[in-house]
Structure formats: C-alpha cells, structure tokens
Amino acid sequence: MHLAQMNVARLIAPADDPRSADFIDGLEPINSLADGAPGFVWRMQADELDPRALIEHVDPMVITTYSVWESRDDLWNFVYRSEHMDYLRRRREWFEHMRDPYAVMWWIPVGHVPTVPEGFERLERLRTQGPGPEAFTFRDFYEDAEATAMPRHISS
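Residues 1 to 156 (the UniProt record's numbering) make up the sequence shown, in order.
Listed below in structure tokens is the structure:
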C-alpha cells in the first residue's frame with residue numbers, strides 16, 4: 001500500500017498578486033525537492049510544462065496539493081525535515097486560516113492514481129466523521145490497513 005495525501009488552502013491574494021509571489025516562486029524548487037525525495041511516488045501536476053501552475057478549482061483562490069508516498073515516514077520527512085518546512089512556516093503569509101481540516105491522508109493500492117474527487121471525498125469524510133482508517137491526519141494516523149487497523153495518535 002502507498003500513502004495518498006491531499007491538502008487544500010485558500011490564498012489571501014490572487015496567484016499573480018505580489019503578496020503571493022514568494023509562494024508561487026517557491027513552487028518549482030519545492031516540487032523538485034518532492035520529486036527527488038526518498039519514498040516519493042507521484043504528485044498531481046496542473047501542467048507538465050509549467051511547474052508554477054496551480055491545480056484549478058471553481059474558486060481560483062483555492063489551491064490543492066496532492067501526492068503519493070511509499071510510507072508515512074517518507075511523507076513526514078519531506079514535509080517537516082526538508083526545505084519544505086521553510087515554506088510551511090510562512091503559510092500564514094500566503095493562506096487564510098482554515099478552521100476545518102485542510103489535509104487528509106489515506107492508504108491506496110500500489111499503482112492506483114487518486115483523483116481530485118476521491119481526495120475531496122476523503123477530506124469531507126475527515127471533516128464530518130473525524131479521523132478513521134479511510135481518512136486521517138499525521139496527528140491521528142492510521143497504519144496501513146493491511147498491517148493493522150489500530151490508530152497511532154501523535155501528540156504535538
């Protein structure tokens with residue numbers, strides 16, 4: 001099994017606004033960092049030729065990142081133990097504070113390419129039912145269902 005993750009955010013300014021420039025300019029190096037990270041499997045790209053392109057939604061202020069990893073540790077190390085963390089620390093400069101969960105993870109069969117509707121279904125499940133084996137977070141993590149159904153709760 002592989003670990004799928006999706007997160008959504010709402011920009012505080014349009015992508016072409018100077019307030020979003022550092023974020024947009026960081027997309028190419030951060031995406032390249034992910035592509036070369038240990039355990040990286042796949043990420044959704046809006047445009048194969050433009051690494052700064054954002055996945056479009058009905059609301060152009062909403063952006064999504066979507067990726068697949070070999071393990072929780074691989075994703076954790078990319079998110080929190082790489083240069084990605086420098087951008088994560090600055091998220092309040094670029095994104096509105098979201099009260100509802102904005103990131104979700106779930107296990108998928110090796111070779112499965114998750115879809116945007118699948119990701120939003122998982123996020124909605126997390127928001128309405130809380131964390132469980134079908135939709136969880138780093139804080140309330142569920143191990144690969146093939147290994148165990150027991151949650152691993154992370155305190156922070």
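Yeah, the Cβ is synthetic: ideal placement off N, Cα and C, and Gly gets one too.
Here residue 10 carries a strand assignment [DSSP, helix/strand/coil]. Judged by DSSP in its simplified three-state form, residue 125 adopts helix. In the three-state DSSP reduction, residue 15 falls in the coil class, being neither helix nor strand. Cβ-Cβ separation between residue 30 and residue 94: approximately 13 Å, too far for a contact (criterion under 8 Å). When the Cα atoms are used, residue 62 and residue 85 turn out to be separated by approximately 21 Å. Restricting attention to beta strand (DSSP E) runs no shorter than 3 residues, the segment 60-100 encloses them at 62-69, ordered along the chain. Taking the Cα positions, residue 10 is about 25 Å away from residue 40.
In the three-state reduction of the DSSP assignment, residue 119 falls in the helix class, which pools H, G and I. Three or more beta-carbon pairs separated by less than 8 Å are not found between the segment 119-137 and the segment 18-37, which leaves the two stretches without contact. With 16 or more other Cβ atoms from the protein chains shown falling within 10 Å of its own Cβ, residue 75 counts as buried. Membership of residue 23 in the alpha helix (DSSP H) is indicated by the continuous run 21-35.
For residue 44, there is no enclosing beta strand (DSSP E), since its DSSP letter is neither H nor E. A straight line joining the alpha-carbon of residue 120 with that of residue 43 spans about 16 Å. Across the set 26, 125, 77, the C-alpha of 125 shows the shortest separation from the C-alpha of residue 117. In the structure shown, residue 130 adopts coil according to DSSP, grouped into three states.
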